[in-house]
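Residue numbers (my numbering), protein chains in the order written: chain A, 1 to 339; chain G, 1001 to 1245.
Note that CB positions come from ideal geometry on N, CA and C, so glycine has one too.
As the structure is a computational prediction, the values presented were derived from the model and not from experiment.
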Ligand SMILES: Cc1ncc(C[n+]2csc(CCOP(=O)(O)OP(=O)(O)O)c2C)c(N)n1
Ligand SMILES: [Mg+2]
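Structure, rendered in structure tokens:
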């Protein structure tokens, strides 16, 4: 086992190569560009710098269907441009890895500062109903490891898996042990071997069926069920129990690193697979009187948590990219006082 | 003795007839693509057809080989991904003028810079057929459409110029000039690099009707009258058809 100093974005690139990446298409954007830069010199990866993120996602769809494990990486603005084709990849059942290293938005926002504003975009960014698997690691080591899992889950579910990160974790340098994790091999036969028709239209047996509600319901049901089944393999979360506290903090990604400072006063739950949501949170939450979600947006995951638990959940919202321990502490105390 | 119609083997017979309107020119383009593949002995196993969205975008689904029906405008980057992942495949794009030159125009521009070895067949009916007959990037100036009732004010797109500048293959033909069109497509499939063939095609339902044509036949004959073959041209005039390499 070797220990090396790696940046978060570099870790994704290097793990992707080890996980079997063969084709990468991307467009430069802060704070994700290092992934593109890191892959440029990889001999086993065919790389295209495309004209935009729409071309990038579509090129990896084509490459993946042709048999190459494929990935793209971007940040919020580019992720928005990819949304239509992410829906296509769900409908055509194409394995892909899409990395989103989040920055402050909306629009061009604050390009160099971290945020967590794309949580809903991961889940609901494309039109129609689909059931994405989304991982959100919080360290360089985890980014390395979950890049493998993202590739494997993509192959197992035949769907685009989102690896969510942020400008903080993406640019963080940490020493990690690089290991080879298990790899799921391709099962989908490549293009040029049969007479299948891959289409974004509602379809059955390779044939478009654009006016039969029953076929559509069956297809959507199939998409949902397979995502549930595959994601069971990746029930990844961190739970730091605290029997002397009546409050559970929920945080993920960059911000979750700060919550470790509060573990003497609070219990902590950190989902790594943020979607589909892990049901274990129901049992965990039952032990605590109060629940507080901390996130770097005006409240996205908090609504999902509330919806799952059917109870009131508090929010600590951090905006503008600055993570200040004192500020978070006083916000937590404020919530305690109000009760 | 009747000659066996072998080009039909490239199509999924169970999906015929197509759902295109009576008089639509798209079927002629499907036949042209099949004939070109047959002439070059393209095996169904090593060939992939990609389409975007539109009436023409339905083309991919009729071929009896692996095919991809992508989203509107993105057939070219999908095809480039396929070719980059497996360069032994013959990768052919068949799609509409709105799809390839309007919403997807920027991809064509940059695919031509990359000169990716794929063949693009553009069904240029000079209209957005599927959505009811709005102006498209190949609508002639002055031509009446649903969104330009007084006649289109805009210059139709000139793809020949940048494809030529980027050393790609460009050809223009019409569904009336069947043999010429077949030659254009066959040669384009042999070209090493990006090839683009624009086939002028009639849409009676959502274009011709509005421009005073009584039927599809009249539109077809208008191609005979309006386009002249020029095989020596360096640059094709707007009423000429031919091949630019
Ligand atoms: C992103 C997006 N915008 C708009 C549409 C609606 N739409 C479907 S087909 C089409 C026009 C297609 O025109 P063209 O490529 O010329 O094909 P034709 O129908 O004329 O063969 C449009 C605008 C869509 N499907 N997707
Ligand atoms: Mg058209």
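When burial is assigned at 16 or more other CB atoms within 10 Å of the CB, is residue i buried or exposed?
{"i": "residue 1145 of chain G", "result": "buried"}
{"i": "residue 217 of chain A", "result": "exposed"}
{"i": "residue 1201 of chain G", "result": "buried"}
{"i": "residue 1128 of chain G", "result": "buried"}
{"i": "residue 1059 of chain G", "result": "buried"}
{"i": "residue 270 of chain A", "result": "buried"}
{"i": "residue 1142 of chain G", "result": "exposed"}
{"i": "residue 1014 of chain G", "result": "exposed"}
{"i": "residue 114 of chain A", "result": "buried"}
{"i": "residue 349 of chain A", "result": "Nothing can be reported for residue 349 of chain A: it is not among the residues displayed for chain A, which extend from 1 to 339."}
{"i": "residue 310 of chain A", "result": "exposed"}
{"i": "residue 1084 of chain G", "result": "buried"}
{"i": "residue 5 of chain A", "result": "exposed"}
{"i": "residue 1149 of chain G", "result": "exposed"}
{"i": "residue 166 of chain A", "result": "buried"}
If you measure from the CB of residue i, is any heavy atom of ligand 1 nearer than 8 Å?
{"i": "residue 1050 of chain G", "result": "no"}
{"i": "residue 1130 of chain G", "result": "yes"}
{"i": "residue 1099 of chain G", "result": "yes"}
{"i": "residue 1072 of chain G", "result": "yes"}
{"i": "residue 128 of chain A", "result": "no"}
{"i": "residue 1053 of chain G", "result": "yes"}
{"i": "residue 1125 of chain G", "result": "yes"}
{"i": "residue 1103 of chain G", "result": "yes"}
{"i": "residue 58 of chain A", "result": "no"}
{"i": "residue 1239 of chain G", "result": "no"}
{"i": "residue 297 of chain A", "result": "no"}
{"i": "residue 1231 of chain G", "result": "no"}
{"i": "residue 177 of chain A", "result": "no"}
{"i": "residue 1026 of chain G", "result": "yes"}
{"i": "residue 84 of chain A", "result": "yes"}
Would the beta-carbon of residue i be found less than 8 Å away from any heavy atom of ligand 2?
{"i": "residue 1056 of chain G", "result": "yes"}
{"i": "residue 1096 of chain G", "result": "yes"}
{"i": "residue 9 of chain A", "result": "no"}
{"i": "residue 1135 of chain G", "result": "no"}
{"i": "residue 1203 of chain G", "result": "yes"}
For a cutoff of 9 Å on Cβ pairs, would you count residue i as touching chain G?
{"i": "residue 190 of chain A", "result": "yes"}
{"i": "residue 208 of chain A", "result": "yes"}
{"i": "residue 79 of chain A", "result": "no"}
{"i": "residue 280 of chain A", "result": "no"}
{"i": "residue 196 of chain A", "result": "yes"}
{"i": "residue 23 of chain A", "result": "yes"}
{"i": "residue 48 of chain A", "result": "yes"}
{"i": "residue 174 of chain A", "result": "no"}
{"i": "residue 158 of chain A", "result": "no"}
{"i": "residue 84 of chain A", "result": "yes"}
I'd like to know if residue i contacts chain A, where contact means its C-beta is closer than 9 Å to some C-beta of that chain.
{"i": "residue 1167 of chain G", "result": "no"}
{"i": "residue 1046 of chain G", "result": "yes"}
{"i": "residue 1064 of chain G", "result": "yes"}
{"i": "residue 1061 of chain G", "result": "yes"}
{"i": "residue 1013 of chain G", "result": "no"}
{"i": "residue 1016 of chain G", "result": "no"}
{"i": "residue 1067 of chain G", "result": "yes"}
{"i": "residue 1008 of chain G", "result": "no"}
Sequence ranges, alpha helix (DSSP H) only - wholly within the segment 41-83 of chain A, length at least 4: 53-65
Report the start-end ranges of each beta strand (DSSP E) in the segment 1002-1030 of chain G that is 3 residues or longer and not cut off at the edges. none
Please determine if the segment 136-144 of chain A and the segment 74-82 of chain A are in contact, where contact requires at least 3 C-beta pairs separated by less than 8 Å. no
In chain order, which alpha helix (DSSP H) runs of at least 4 residues are fully inside the segment 201-281 of chain A? 213-231 and 253-259
Quick test of the definition: if touching needs 3 or more C-beta pairs under 8 Å, does the segment 1121-1131 of chain G touch the segment 57-71 of chain A? no
Stretch-stretch touch, CB-based, cutoff 8 Å, three pairs: the segment 223-234 of chain A with the segment 257-270 of chain A: no
Counting Cβ pairs, one atom from each stretch, are 3 or more of them under 8 Å apart for the segment 42-51 of chain A and the segment 1059-1071 of chain G? no
Enumerate, from N- to C-terminal direction, the unbroken alpha helix (DSSP H) stretches of 4 or more residues contained entirely within the segment 111-166 of chain A. 119-124 and 140-157
Given 8 Å as the limit, is there contact between the segment 164-183 of chain A and the segment 6-21 of chain A, that is, 3 or more CB pairs closer than that? yes
Along the chain, which unbroken stretches of the beta strand (DSSP E) at least 3 residues long are found entirely within the segment 1058-1096 of chain G? 1067-1069 and 1090-1096
I want to know whether the segment 121-137 of chain A touches the segment 156-166 of chain A - three or more CB-CB distances under 8 Å. yes
The segment 1224-1237 of chain G / the segment 1169-1178 of chain G touching (three or more Cβ pairs under 8 Å): yes
Please identify, using Cβ separations under 7 Å, the residues of the segment 1078-1106 of chain G that lie next to chain C, in order along the chain. Of the protein chains in this structure, namely A and G, none is chain C.
Could you check whether the segment 293-312 of chain A touches the segment 243-258 of chain A, counting it as contact only if at least three pairs of C-beta atoms, one from each stretch, sit closer than 8 Å? yes
Are the segment 1100-1114 of chain G and the segment 1070-1080 of chain G touching by the rule of at least three beta carbon pairs closer than 8 Å? yes
Taking contact to mean at least 3 C-beta pairs separated by less than 8 Å, is the segment 27-38 of chain A in contact with the segment 186-206 of chain A? no
Are the segment 1180-1190 of chain G and the segment 1025-1040 of chain G in contact at 8 Å, needing three or more beta carbon pairs? yes
Which runs of the alpha helix (DSSP H) fall wholly inside the segment 309-338 of chain A and span at least 4 residues, in chain order? 325-338
Take every Cβ of the segment 1081-1095 of chain G, pair it with every Cβ of the segment 1042-1054 of chain G, and state whether three or more of those distances are shorter than 8 Å. yes
Segment contact flag, the segment 322-337 of chain A with the segment 143-156 of chain A, C-beta cutoff 8 Å, min 3 pairs: no
Give a yes or no on contact between the segment 270-282 of chain A and the segment 97-117 of chain A, applying the rule of three or more CB pairs nearer than 8 Å. no
Secondary structure, alpha helix (DSSP H): runs of 4+ residues fully inside the segment 1172-1227 of chain G: 1178-1190 and 1216-1226
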